[in-house]
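Here's the structure we're looking at; comments come further down.
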Amino acid sequence: MARRRQIYEGKAKIIFEGPEPGTVVQYFKDDATAGNGAKSGVITGKGVLNNRISEYLMLRLGEMGIPTHFIRSLNMREQLVREVEIIPLEVVVRNVVAGSLSKRFGLPEGERLPRTLVEYYYKNDALNDPLISEEHIVTFGWAHPQELEEIQSLALRVNDFLCGLFTGVGITLVDFKLEFGRLWQDDEMRIVLADEISPDNCRLWDSQTQEKMDKDRFRRDMGGVGEAYQEVARRLGILPENGQVETVSTEGMR
Ligand code: 5GP
């Protein structure tokens, strides 16, 4: 088989040219980074789990009428998605205080917010993804006001649906990060959900014990990262066919 052209390599994924025009392949790596690359390691089997979890969540969201870039799964580590023009925003939706919100405002982690909070960060590694306002987005032309309205509305609908889905399997959806893209079809443009939704970009806590089941286990050197991702997949009822993903280990930690 001819080698595919690599379009882009990110920290956790590689994007290859797709088999048809207007498509790309997302390959999920086992690599993990935190603190904008300050810490890196390998979580064996993570790519397989994130591919599966993201596929499942994107499909369920699609069924709820949320437009996504997802087309179909190709194999254990790859999925075919529509090629979109990524909007350079990290859209963070928060239900419970954690992470940078806790640090920025000196709030204790675990406090439920009185209402869902949507924040925007400028997707730019060199600048450390700074927190921005809607004014920055419109002023710098990263998105038009109508696009931003659509993005916020989609982000809140995604949150409503995912909160219910995770609650049903004993998991609290604390917060998560979404990315959106512009999809052009016959001169028409639609905003669609892109990237991935997985324990790499969600905070998921066990509803009973508050135990962390997401990438914070890696960021905070808590261990058991792969096992936690596997448990998320198990609760969603979507473990890979053989019921497990290789040995879980973290190597190459810097
Ligand atoms: P925080 O701003 O508290 O660090 O992150 C909020 C939420 O967005 C968390 O669920 C976190 O996983 C996700 N998030 C924010 N920025 C990034 C990022 O650059 N990469 C990934 N994978 N997740 C992010």
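Per UniProt numbering, the sequence shown starts with residue 1, numbered consecutively. Using N, Cα and C, we set each Cβ at its ideal position, and we do this for glycine too. Keep in mind the model is a prediction, meaning the values are calculated, not measured.
Neighbourhood of Asn-124 by C-beta distance below 8 Å, restricted to the same chain and skipping five residues each side: By one-based count along the sequence shown, residue 124 stands at place 124. Excluding residues within five positions, the ones whose Cβ falls inside 8 Å are Pro-88 and Pro-130.
Stretch pair the stretch 204-224 + the stretch 14-27: three plus CB contacts closer than 8 Å: Fewer than three beta-carbon pairs drawn from the stretch 204-224 and the stretch 14-27 are found closer than 8 Å, and the two stretches are therefore not classed as touching.
What residue does the beta strand (DSSP E) around Met-189 start on, and which one ends it? Position 189 of the sequence shown holds residue 189. It spans 188-194 - the beta strand (DSSP E) in which Met-189 sits, taken as one unbroken run.
Among Gly-223, Glu-211, Pro-67 and Leu-239, which has the Cα closest to the Cα of Ala-155? On the sequence shown, residue 155 is found 155 positions in, with the first residue counted as 1. It is Pro-67 whose Cα lies nearest to the Cα of Ala-155.
Could you give the distance in angstroms between the alpha-carbon of Ile-86 and the alpha-carbon of Met-189? Residue numbering aside, residue 86 sits at position 86 when the sequence shown is read from its first letter. Residue numbering aside, residue 189 sits at position 189 when the sequence shown is read from its first letter. C-alpha separation (whole angstroms): 13 Å.
Taking the straight line between their C-alpha atoms, what separation do you get for Glu-211 and Phe-176? For this step, residue 211 is matched to residue 211 along the sequence shown. For this step, residue 176 is matched to residue 176 along the sequence shown. In this structure, the straight-line span from the alpha carbon of Glu-211 to that of Phe-176 is close to 17 Å.
Taking Asn-159 as the reference, give the member of Leu-193, Glu-17 and Ala-38 with the closest Cα. Position 159 of the sequence shown, counted from the start, is the residue given in the question as residue 159. Ranking the options by Cα distance to Asn-159, first place goes to Leu-193.
Can you give, in chain order, each stretch of the beta strand (DSSP E) that sits fully within the stretch 75-162 and has at least 3 residues? Complete beta strand (DSSP E) runs here, min 3: 78-82, 89-96 and 112-122.
Cβ distance (whole Å) where Ile-197 is taken to contact Ser-54 below 8 Å: Counted from its first residue, the sequence shown places residue 197 at position 197. Counted from its first residue, the sequence shown places residue 54 at position 54. Confirmed, Cβ separation roughly 5 Å.
State the Cα-Cα distance for the pair Gly-10 and Leu-173, rounded to the nearest angstrom. Looking up residue 10 in the sequence shown gives position 10. Looking up residue 173 in the sequence shown gives position 173. Cα-Cα distance, rounded: 25 Å.
Within-7 Å CB hit, Glu-147 to chain D: Of the protein chains in the structure, only one exists, and it is not chain D.
Would you mind stating whether Met-213 and Ala-233 have Cβ atoms separated by less than 7 Å? Position 213 of the sequence shown, counted from the first residue, corresponds to residue 213. Position 233 of the sequence shown, counted from the first residue, corresponds to residue 233. Cβ distance not < 7 Å, so Met-213 and Ala-233 don't count as in contact.
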